[in-house]
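J.: This structure is in structure tokens; I'll ask about it shortly.
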Amino acid sequence: MAKDLKYSEDARQAMLRGVDKLANAVKVTIGPKGRNVVLDKSYTSPLITNDGVTIAKEIELEDPYENMGAKLVQEVANKTNEIAGDGTTTATVLAQAMIQEGLKNVTSGANPVGIRQGIDKAVEVATQALHDISQKVENKNEIAQVGSISAADEEIGKYISEAMDKVGNDGVITIEESNGFNTELEVVEGMQFDRGYQSPYMVTDSDKMVADLERPYILITDKKISSFQDILPLLEQVVQSNRPVLIVADEVEGDALTNIVLNRMRGTFTAVAVKAPGFGDRRKAMLEDLAILTGAQVITDDLGLDLKDATMDMLGTANKAEITKDHTTIVDGDGKEEDIDARVSQIKARMEETESEFDKEKLQERLAKLAGGVAVIKVGAASETELKERKLRIEDALNSTRAAVEEGIVAGGGTAYMNIYDKIADIEAEGDVATGVNLVLKALEAPVRQIAENAGLEGSIIVERLKNADVGVGFNAADDEWVNMIDAGIVDPTKVTRSALQHAASVAAMFLTTEAVVAEIPDKDDNDGQAGMGGGMPGMM
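In the working numbering, the protein residues as written are 1035 to 1575.
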């Protein structure tokens, strides 16, 4: 494949066009009066959303240089979402502002390396300043406020607050689609552990990279599974039931892993392999906990059991299993209640006996997984389109709330960035480093400016007034009034605010120091070869 190259200003301007195309589509959603974006879906109804990362992921540009620019901003949204779970639109707005302002300076002759040093210096000061003004989240009402602001819906904030109240701040909360119109909260028995799928090809939802299994069978073993023949007799029986299977094992590798992935891709059956949690004796205990919760039997040499001899009645079952790249959540296992109660009593007895603080902590974790349960928010809506949009908002709000509990909250609506404005302005720097500092200073205005413009107001007027306002006082775009944002419940998680700035600055700095871009030249015969093809593909049954 031949390559095309662009250098310096040509390269950066071409990529800037891609940055602007993506950012302009995302930034219309920011704030209480932000708009929605409609995403075309080939095989289902369009998705209407105001979730920044969801919109960013959908954008693919025809021009390869523009597309590279767009991909850089996608990375900002993805990273912010990965670390903080929300704030992707804010991160995109900040990145666009920094890149635009930075390019003006580079075009005027400023040294990109010096600018980068200034950006790094300003972000370091800004991060500390955000922590200094951060306030802890201390009660149920404050948790509800964070969720309400993120989802732009008080009811959603209330459900998240109740869910965290019932299962704890670190408890497992899942979001499911309801068959009815109403959204409901339910607490069921369940368990989550820190192990994800062994291959991304096992996912059932490629947009979210999640494997959702409904009414799965669950195979639990402390053995390594290397040969597919060892589990083939059991899988053949599972296939007859037309239900998915979750395999929790010491490791699934080699021929076994290859065949599971191939059969998943062919649609023969759905199986997800997950490494067993913990190590040594603790692993054995956790597998036994999981077996009791799901009504399974652990296939282990300790009991003289072999995989080849495993039968269907040795498998556990559950209402649902959700597997991401990092976690496995099993909801509403079919284990007997008396067995679960007996196991809980056994763990409590061991906690009283042990004197090791570490052992007590690990036993407490096991107890929470067995007895704490899983909070399930069942999302209801009048149509499939509304259901998808509402579910996305609840997911964002949940992530945002967890971030607030972790690092505290700051004034929302972009106000926190303006509250630390003077700290950045006081940084002593010269030359191109000072230019980099001023670039960040200018970018801090962007979220407030965009929120005001989305509300039909003049952004620069709001920004200038905010510069002279007391800490915490900001503009409530929902009601067009000036209020103490924290007192009014308009707050953002510190972690989200910090992560958005850090990731935007990182990508902007890389962008400005780019001097050459290499792109593939599309093969002119690619499209010609498609002409005249029939409606079917050979070899399909």
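Using N, Cα and C, we set each Cβ at its ideal position, and we do this for glycine too.
For A1416, does the three-state DSSP call read helix, strand or coil?
T.: The answer is coil: DSSP assigns A1416 none of H, G, I, E or B.
J.: Under 7 angstroms Cβ to Cβ from T1208, same chain only, skipping five residues before and after it: list those, please.
T.: Cβ within range, chain order: E1356, T1363, V1365, V1408 and V1410.
J.: Assign V1308 to one of three DSSP states: helix, strand, or coil.
T.: Strand, per DSSP.
J.: Taking the alpha-carbon positions, what's the I1555 to L1095 distance?
T.: Rounded to whole angstroms, I1555 to L1095 spans 14 angstroms at the Cα level.
J.: Whole angstroms are fine: how far does the CA of A1538 sit from the CA of V1180?
T.: Between V1180 and A1538, the C-alpha separation is close to 23 angstroms.
J.: Given K1318, which residues of its chain have a CB within under 7 angstroms of its CB, disregarding the five upstream and five downstream residues?
T.: Cβ within range, chain order: D1256.
J.: Give the DSSP-derived three-state secondary structure of E1549 in the structure shown.
T.: Coil at E1549, not helix or strand.
J.: Who does V1221 pair with in a DSSP beta bridge?
T.: Per DSSP, A1409.
J.: Starting from T1255, follow its DSSP beta bridges and name the residues at the other end.
T.: T1255 pairs with I1333.
J.: Just to confirm my understanding: we take R1400, look at its own chain, exclude 5 residues before and 5 after, and list those with CB closer than 8 angstroms. What are they?
T.: Here the set comprises A1319, M1320, D1323 and I1381.
J.: Name the two residues that bound the continuous beta strand (DSSP E) containing T1083.
T.: Looking at the DSSP string, the run of the beta strand (DSSP E) that includes T1083 is L1081 to T1083.
J.: Classify G1563: buried if its beta carbon has 16 or more other beta carbons within 10 angstroms, exposed otherwise.
T.: Confidence at G1563 is low in this model, with a pLDDT of 44, below 50, so its placement is unreliable and no value can be given for it.
J.: Considering only residues of the same chain and omitting the five flanking positions on each side of V1171, which have a CB-CB separation below 8 angstroms?
T.: Excluding sequence neighbours, V1171 sits near I1177, V1180, A1438, V1439, G1442 and I1443.
J.: Just to confirm before moving on: does the CB-CB distance between G1446 and I1524 stay below 8 angstroms?
T.: Yes, these two residues count as a Cβ contact at 8 angstroms.
J.: Less than 8 angstroms between the C-beta atoms of G1133 and L1050, yes or no?
T.: Strictly speaking, residue 1133 in this sequence is Ile, with Gly absent from that position. A contact, by the Cβ cut-off of 8 angstroms.
J.: Alpha carbon to alpha carbon, how far is W1516 from S1494?
T.: If you take the alpha carbons of W1516 and S1494, they lie about 15 angstroms apart.
J.: Buried or exposed: M1243, going by 16 or more other Cβ atoms within 10 Å of its Cβ?
T.: Burial call: exposed.
J.: Select from V1222, E1498, L1106 and P1066 the residue whose C-alpha is nearest the C-alpha of N1510.
T.: Of V1222, E1498, L1106 and P1066, the residue nearest in Cα terms is P1066.
J.: Whole alpha helix (DSSP H) runs in the stretch 1273-1321 with 4 or more residues, listed along the chain?
T.: Within the stretch 1273-1321, the complete alpha helix (DSSP H) runs of at least 4 residues are 1288-1300.
J.: By DSSP's criteria, Q1226 is part of a beta bridge. Which residues make up the other side?
T.: DSSP output for Q1226 lists T1363 as bridge partner(s).
J.: Return the CA-CA distance between P1527 and G1338, expressed in angstroms with no decimal places.
T.: So the two alpha carbons sit approximately 52 angstroms from each other.
J.: Quick one: which unbroken beta strand (DSSP E) runs of 3-plus residues sit fully inside the stretch 1417-1496? Chain order, please.
T.: Runs of the beta strand (DSSP E) inside the stretch 1417-1496: 1443-1445.
J.: Please return the same chain residues whose Cβ sits closer than 6 angstroms to the Cβ of V1282, not counting the five positions on each side in sequence.
T.: Hits under 6 angstroms: I1254, V1308 and A1310.
J.: For my contact list, I1093 and L1128 are in at a C-beta cut-off of 8 angstroms; report their separation, rounded to the angstrom.
T.: Rounded, the Cβ-Cβ distance is 18 angstroms, inconsistent with contact.
J.: Between V1087, V1157, A1036 and V1110, which lies nearest to A1459 when the distance is taken from Cα to Cα?
T.: Nearest option by C-alpha distance: V1157.
J.: Of all Cβ atoms in chain D, is any one closer than 8 angstroms to the Cβ of W1516?
T.: The chain labelled as chain D is not found in the depicted structure, where only one protein chain is given.
J.: For the stretch 1098-1133, list the alpha helix (DSSP H) runs that are entirely contained and at least 4 residues long, ordered along the chain.
T.: Fully enclosed alpha helix (DSSP H) runs of 4 or longer: 1098-1118.
J.: From this set, R1436, V1279 and G1230, which residue's C-alpha is nearest I1252's C-alpha?
T.: Out of R1436, V1279 and G1230, V1279 has the C-alpha closest to the C-alpha of I1252.
J.: Helix, strand or coil for E1356, going by three-state DSSP, please let me know.
T.: In the structure shown, E1356 sits in a strand (DSSP, three-state: E or B).
J.: Counting Cβ pairs closer than 8 angstroms, one from the stretch 1390-1397 and one from the stretch 1197-1217, do we hit at least three?
T.: Flag = no, the stretch 1390-1397 and the stretch 1197-1217 do not touch.
J.: Buried or exposed: which applies to K1529, given that a residue is buried once 16 or more other Cβ atoms fall within 10 Å of its Cβ?
T.: With 16 or more other Cβ atoms within 10 Å, it is buried.
J.: Out of N1175, E1100, T1083 and E1043, which has the shortest C-alpha to C-alpha gap to A1553?
T.: Nearest option by C-alpha distance: E1100.
J.: Using only alpha-carbon positions, find the residue among G1148, D1228, K1403 and A1160 that is nearest to I1326.
T.: For the residues G1148, D1228, K1403 and A1160, the minimum Cα distance to I1326 belongs to K1403.
J.: Decide if the stretch 1182-1198 is in contact with the stretch 1424-1437; the criterion is three or more beta carbon pairs, one per stretch, under 8 angstroms apart.
T.: At 8 angstroms Cβ cutoff, the stretches touch.
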